[in-house]
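Here the protein sequences line up with chains A and B, keeping their order.
Sequential numbering from 204 applies to the first sequence in my numbering.
Sequential numbering from 365 applies to the second sequence in my numbering.
In this text, a Cβ means the ideal position worked out from N, Cα and C, and glycines have one as well.
All values reported here derive from a predicted model rather than from experimental measurement.
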Amino acid sequence: AQSVTQPDIHITVSEGASLELRCNYSYGATPYLFWYVQSPGQGLQLLLKYFSGDTLVQGIKGFEAEFKRSQSSFNLRKPSVHWSDAAEYFCAVGNNAGNMLTFGGGTRLMVKP
Amino acid sequence: NAGVMQNPRHLVRRRGQEARLRCSPMKGHSHVYWYRQLPEEGLKFMVYLQKENIIDESGMPKERFSAEFPKEGPSILRIQQVVRGDSAAYFCASSPPESRRNTIYFGEGSWLTVV
């Protein structure tokens, strides 16, 4: 069975600082991996996805993520955080069709001025 | 091109009432998924439907919950005799009919509060 772990429930960073959100997955085959962002009371917006190929994936809003098969990880990074990045971030792994997702518990990001 | 449309966005029901949540997929999408997000938790898969067919309902509670996606009209998630524990955000997603490497697109969600 597939599963996703986001070890950090809350993270606080200063505006302008770099950010890394951790995601570890468990899946028997080549995973399809996703990062979504959710603002309070809102739906989910897709930041980026990995299906195959280059293990460093670029997304929207200046985010990137790196797939590391040896570590079963797909960590999300951003070099300089903006106050508007404060939100909840969800990592997800998809089945072999990429359409049935298992989500992690989420990481709530707070940004200090 | 409108996205995935869900309504109502917010719904309040008393215990024992029925809740109906509607989802219109993106244009051209024939696959619909329902997910539930309990407070302070991630999303959990409930059910996967194509037109007039339930493909996977492994995440649906055994009782009181049902889903349909008729030939015409939106997908409906129905919760009968709601209880406080049903209070959650219910998200619908849709994807196109290609079989691989789909990306699913989420709606804005429907927030159900049971009082």
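Whole-Å CB distance - residue i paired with residue j, under 8 Å assumed
i	j	result
B/L413	B/F433	4 Å
B/P372	B/S474	6 Å
A/N278	A/E291	About 16 Å; that fails the 8 Å criterion.
Residue-level contact to chain A via CB, residue i, 8 Å cutoff
i	result
B/S451	no
B/G471	yes
B/S474	no
B/T477	no
B/Y412	yes
B/F455	yes
B/G392	no
B/S459	yes
B/F433	no
Beta-bridge partners of residue i, as assigned by DSSP
i	result
A/R280	A/E223, A/E267
A/V240	A/Q248, A/Y292
B/D420	B/Y412
B/F470	B/A457
Same chain only: Cβ atoms within 6 Å of residue i, ignoring 5 sequence neighbours per side
i	result
B/Q445	G380, R428
A/L222	V216, K281, V284
A/G308	Q209
A/G219	S283
Below-8 Å beta-carbon distance, residue i vs any chain B residue
i	result
A/L304	yes
A/Q343	The structure shown does not extend to residue 343 of chain A, since chain A is modelled only from 204 through 316, so no value can be given for it.
A/K315	no
Nearest to residue i (by Cα), restricted to the options the options
i	options	result
B/I419	B/K426, B/M410, B/Q401	B/M410
B/N417	B/L402, B/P403, B/I440, B/Q401	B/I440
B/E382	B/I443, B/H374, B/T477	B/I443
A/I263	A/G244, A/Y239, A/Q245, A/G256	A/Y239
Own chain partners of residue i with C-beta closer than 7 Å, once the 5 adjacent residues on each side are dropped
i	result
A/S229	Q205, S206, S275
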